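Asks: Residue numbers (numbering that gives the first Met the number 0), protein chains in the order written: chain F, 0 to 319; chain X, 0 to 319; chain H, 0 to 319; chain W, 0 to 319.
Protein chains: 4
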Amino acid sequence: MNTHIGIFGGSGFTGIELVTLLAKHASVKLTTVTSDRQVGEPVRGAPALKYVSHEEGASAKLDIALLATPAEVSLKLAPKLLARGSRVLDLSGAFRLKDATLYSKFYGFEHTEPALLAEAVYGLPEVHRATARLVANPGCYATAAALALRPLIHANAIDPSNIVITAASGVSGAGRKASEEYSFMEIEGDFRAYKVLSHQHTPEIAQTVGVKDLVFIPHLLPMHRGILSTAVVTVRQGDVAAILRDAYAKEPLVRLLPSADAVRVTHAARTPFCLIGATTNGNKAVIVSAIDNLLKGAASQAVQNLNLMLGLAETEGLSL
Amino acid sequence: MNTHIGIFGGSGFTGIELVTLLAKHASVKLTTVTSDRQVGEPVRGAPALKYVSHEEGASAKLDIALLATPAEVSLKLAPKLLARGSRVLDLSGAFRLKDATLYSKFYGFEHTEPALLAEAVYGLPEVHRATARLVANPGCYATAAALALRPLIHANAIDPSNIVITAASGVSGAGRKASEEYSFMEIEGDFRAYKVLSHQHTPEIAQTVGVKDLVFIPHLLPMHRGILSTAVVTVRQGDVAAILRDAYAKEPLVRLLPSADAVRVTHAARTPFCLIGATTNGNKAVIVSAIDNLLKGAASQAVQNLNLMLGLAETEGLSL
Amino acid sequence: MNTHIGIFGGSGFTGIELVTLLAKHASVKLTTVTSDRQVGEPVRGAPALKYVSHEEGASAKLDIALLATPAEVSLKLAPKLLARGSRVLDLSGAFRLKDATLYSKFYGFEHTEPALLAEAVYGLPEVHRATARLVANPGCYATAAALALRPLIHANAIDPSNIVITAASGVSGAGRKASEEYSFMEIEGDFRAYKVLSHQHTPEIAQTVGVKDLVFIPHLLPMHRGILSTAVVTVRQGDVAAILRDAYAKEPLVRLLPSADAVRVTHAARTPFCLIGATTNGNKAVIVSAIDNLLKGAASQAVQNLNLMLGLAETEGLSL
Amino acid sequence: MNTHIGIFGGSGFTGIELVTLLAKHASVKLTTVTSDRQVGEPVRGAPALKYVSHEEGASAKLDIALLATPAEVSLKLAPKLLARGSRVLDLSGAFRLKDATLYSKFYGFEHTEPALLAEAVYGLPEVHRATARLVANPGCYATAAALALRPLIHANAIDPSNIVITAASGVSGAGRKASEEYSFMEIEGDFRAYKVLSHQHTPEIAQTVGVKDLVFIPHLLPMHRGILSTAVVTVRQGDVAAILRDAYAKEPLVRLLPSADAVRVTHAARTPFCLIGATTNGNKAVIVSAIDNLLKGAASQAVQNLNLMLGLAETEGLSL
């Protein structure tokens, strides 16, 4: 409990989940939660604390700072926090892509911290247990899709040049919104694709899976939370389901289901698990995966990374 | 088709329903639709027309102007339109309450047109077939509640001093919203009361039912459209269900169901009907009624009134 | 951990919540979970156990048996379990009503265990901390409504002869259903009253509040979980909000909100709390309360009672 | 009005839509509606009629019989009706697939009417205006997907060997269900794939698009109605959006939108239109299409076919 933790952006959907998880984590002490728009109010999920501004938070003494802020904000906060000796676990996309030139295209800004980008470690625990000074927590879609595909590329089981992923997310993935677009009247009863062939998680998925390119198309679901990813691949060799089962046999937070049809959003929602199921027919395989976008897609995965950064058991603080 | 009709506020939820109904009405010609925020765009529901500003609409030659505008806007538009010789059918609350002093309390403004307020006729067709120069179209909650109760007061069947109404409405009743309060994330899965003991339809219901006072408590439902009103009354004499059945036996747009339990929002939604059912136990009776808040609670009731103002069949243009 | 607990009816919605709570309760050991329709399958929420039949469960050595079974089943199980020396905490209505003659009217069966009914203690912890051999866990609607009203009757603040309660519940309150009536197509977008003036919780609320009679009308909401109760009362004397605030000042699981409008289902859902807010206007007061029907309305309240029966801290095992 | 029409299976979701459309169709007379489970009750959507049994319906004198029955039932009804001189428009899959051997694999029965199967004409009006004695009305998914892809194959614009379609449908696509699987509690908040690589519309889409094989994966949406189809293709030559725009320039019921992102289920729901939008990036194109599964995916498309069979204007009876 001598490890002091701060959460930046603690009043957003992901921030609230982070607070809730870390407030009851037995081995760390949550001392600082920032929210530029709710300064002075009690912290939701930890009412003994009060939200402070990002600026005040950045001057606190923190062993690890978790950034649940937009990428542009994380890009400015991270160097300040690192300079003060805090380690940083960033939940935005600011430090995820190894190719800095992709930021202008997919995030709409030039990356101003190329040295930190090079230093940052991408923390998808089932792929790489990161213990670095600066860890990038994976994106929600990227987590669901990459966990479904990476072992298959690694085993040379599928054609890396012909991967199609469609995915669908609950509305919380878009963050808090005061817009007509995200009003109940517009969302309820609707389903649509968005950012078709241009979503910023496309290069993140490709980088993590280990392929040059792929097709990724996200859709918006009329529900609070959860992601379902449906990946269609061409099989080269091997048993897709068996490869996945072997790859995750010892993983505490990945569960293999008997088929692609068996994977349901409601069974992943409000859990830290990724559910995966595969169905093959001829040389085509479909791998469906589901996560809670705010947990395995953000906050509970951040707790995995925080535990790894501190040398704790990876699932501490995640009620399983 | 020589009757020229204009709709003011034609891009809101009610306005779009009005346009859709009047664009295919065989006996009137929709010539003008206003929307201050979408000037120049094709009219939704009547794409051959383009939205014009309220100001431009107010200078058009119109036999009848329908106002689907906020009460404050109707209060300013109505005198202008009447002065130019148009008749006015107002869907806002601006001309509904006979006691002008209630406006500051329930609508938040002083009524500036007391003479017009005195002249205006409240057009609940099943109570009064209005053919006046200025007709006030009833509110959505008031329609559902008043149709359930007025015949009972009229028959002296229930205690007028002890009426409790709780009601629930779909989100479209609040109009278009770009606010976090009406975002999908806030509304979905929630249910709550609002404006408890202070909703502006309370005096409108009392006035229409013919009682001095009553309790009315609205709630917000996580669905697009529909209102359910649940009225609890103390019976003095007579058979509540029979009184209601007799009262509406010849009404084309009111349907009596065999019990309070039989009334469902989905059976009223997207129809111009009011459904009513009553259940009695001892000296207590419960009358449940349901309407579509945008139709019988606004647009289709306005078409009834328009037809009456023009001497047409009351249900013309309402596909039954 | 020497206290052995069994759950009967462990695969229903309430049963699963009970299992989830008790599987991680530090002071008791969940040893037996029954489900007549899933015998032999792993227990959901405690996969190290397997469901056994009610019969097999009834022969286990249990310190306390929790019955999440229909009232008729509880009526048969309770005497057997008591005879074997287990204490019984029944979540059905079988032992809630002190007047045995009400069972034929409200539950559809004659009560066959009048002696046990007389012995049973009604365990609404905020009203009475029960430590008996046979405890009846309150109903969901009754919990929400009685907590809102009992202190007001006790303080003689409201007219006991004129109480009207309307309430609305999510669909889980009806239990698992394989019927068209509870299909997604019928429920989604609908809202309706049911069991009008005949719901079995009516006498339970009256008995708990301490009045002779009242009006209670439940409605069905298109959502998974949560109850909102809206009570309308006539004030005799005193400050309704202050009386409620005082009554629950030291209660860990009741939270007073500043007004009736402030109470929302989503803020009570997935928590063990009852939220209450009151608004007064003249001699009328409206008290709105909200709970999670499966938690404070069933499973988490049962944990409160279990803790009391065992002399443990009342909120142990409820993550607050 | 001398043309007598019968609807078989008139109480299902599609049947009710058919009744509603044909009851107000100006050029035909709806004389017979069957429903084996509601014999004698008033027909929903045409209460002047009463449901009769399939057997009684089959002995009526009908110019055209519309079959909204399961495939096995249509397979038995069609020859009887044709033998009595009625023409048949079948909305099931019984007469859609030209290769009879596919029925055992995809429909679970051997096709017993190979001669009729050979005679039947597949009636996707935008592809082929059918005027035959026996017309097969296309499936809902097949309509959405085939309209998006067929012009591209026809123009040799895309690789026919590498087509991936994922699609999602509202729950009404499954028909009336009294099962826990389709209960509100199971569907609400969930999203999942089903019949992965084995759905019966896969060969229907391939046949209609004109390719040998393709990947089609349907998903289930927590909403009443609507289908969104997302097709991913590899471009060989030409401008995908322009080809689609040209192909449907004169089609009254297909609307091209400016991009794949612009297509929304709610804009197609409750209309007879198919909305299509395409987005291209490099050699990949995504074509998103949306329809109402019960209208353009079933009933309104059947009205198009009925009109064509009778030499009427294709869109008569469809309020546009």
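Note that the Cβ used here is the ideal one computed from N, Cα and C, for glycine as well.
All values derive from a computational prediction rather than experimental measurement.
(1) Considering only C-alpha positions, which residue in the set 250/H, 57/H, 35/H, 90/H is nearest to residue 292/H?
(2) So with Cβ pairs under 8 Å, would you call residue 190/H a contact of chain X?
(3) Mind the definition here: the region 240–260 of chain H touches the region 276–284 of chain H only if three or more C-beta pairs lie below 8 Å; say whether that holds.
(4) Which residues in chain W have a C-beta closer than 7 Å to the C-beta of residue 170/H? List them in chain order.
(5) Report yes if the C-beta of residue 178/F is less than 7 Å from at least one heavy atom of the ligand FMN; otherwise report no.
(6) Figure out for me which residue from 21/H, 54/H, 53/H has the closest Cα to the Cα of residue 46/H.
(7) Just to make sure I have the definition right: I need the residues of chain X whose C-beta is within less than 8 Å of the C-beta of residue 221/F. Which are they?
(8) Between which two residues does the beta strand (DSSP E) containing residue 7/F stretch?
(9) Of the choices 82/F, 23/F, 181/F, 177/F, whose alpha-carbon is the least far from that of residue 316/F?
(10) Per DSSP, what kind of secondary structure is residue 42/F in: helix, strand or coil?
(11) To the nearest angstrom, how far is the alpha carbon of residue 84/H from that of residue 133/H?
(12) Report the neighbours of residue 178/X on chain F: residues whose CB is nearer than 7 Å to its CB, in chain order.
(13) When the cut-off is 8 Å and only beta carbons count, does residue 263/W lie next to chain F?
(14) Among the candidates 88/X, 82/X, 185/X, whose CA atom is the shortest distance from the CA of residue 220/X?
(15) Return the CA-CA distance between residue 57/F and residue 108/F, expressed in angstroms with no decimal places.
(16) Which of the three DSSP states, helix, strand or coil, is assigned to residue 242/F?
(17) On the DSSP letters alone, give me the boundaries of the alpha helix (DSSP H) that residue 202/F sits inside.
(18) Between which two residues does the beta strand (DSSP E) harbouring residue 255/W extend?
(19) Are residue 301/W and residue 74/W touching if we call contact CB-CB under 8 Å?
(20) So that I know if they touch, is there some Cβ in chain H lying closer than 8 Å to that of residue 304/X?
(21) Taking Cβ positions, are residue 378/W and residue 30/W nearer each other than 8 Å?
(22) Provide the residue(s) that pair with residue 89/H in DSSP beta bridges, ordered along the chain.
(23) Should the region 166–185 of chain F be called in touch with the region 205–221 of chain F, which here means at least 3 C-beta pairs below 8 Å?
(24) Name the DSSP beta bridge partners of residue 287/X, please?
(25) Hey, how far is the Cα of residue 191/X from the Cα of residue 141/W?
(26) Nearest-angstrom Cα distance between residue 356/X and residue 183/X?
(27) Going by Cα to Cα distance, which pick from 311/W, 121/W, 54/W is closest to residue 95/W?
(28) Between which two residues does the beta strand (DSSP E) holding residue 218/H run?
(29) In whole angstroms, what separates the C-alpha of residue 199/H from that of residue 225/W?
(30) Between the C-alpha atoms of residue 101/X and residue 234/H, what's the straight-line distance to the nearest angstrom?
(31) Helix, strand or coil for residue 149/F, going by three-state DSSP, please let me know.
(32) What residue does the beta strand (DSSP E) around residue 314/W start on, and which one ends it?
(33) Would you tell me roughly how many angstroms separate the C-alpha atoms of residue 149/H and residue 241/H, rounded to the nearest one?
(34) Rounded to whole angstroms, how far is the Cβ of residue 8/X from the Cβ of residue 42/X, which I believe are closer than 8 Å?
(35) CA-CA distance, residue 298/F and residue 12/F?
(36) Closer than 8 Å by beta-carbon distance: list the chain H residues that pair up with residue 260/X, in chain order.
Replies: For this structure:
(1) 90/H
(2) yes
(3) yes
(4) 183, 184
(5) Because no ligand of any kind appears in the structure shown, any question about the ligand FMN cannot be addressed here.
(6) 21/H
(7) 183, 187
(8) 3–7
(9) 23/F
(10) strand
(11) 11 Å
(12) 177
(13) yes
(14) 185/X
(15) 23 Å
(16) helix
(17) 200–208
(18) 253–256
(19) no
(20) no
(21) The structure shown does not extend to residue 378/W, since chain W is modelled only from 0 through 319, so no value can be given for it.
(22) 66/H, 135/H
(23) yes
(24) 229/X, 276/X
(25) 42 Å
(26) Look at the range of chain X in this structure, 0 to 319, and you will see that residue 356/X is not part of it.
(27) 121/W
(28) 214–219
(29) 40 Å
(30) 24 Å
(31) helix
(32) It is not in any beta strand (DSSP E) - residue 314/W carries neither H nor E in the DSSP assignment.
(33) 14 Å
(34) Contact doesn't hold; Cβ gap of about 12 Å is too wide.
(35) 10 Å
(36) 191, 192, 193, 194, 195
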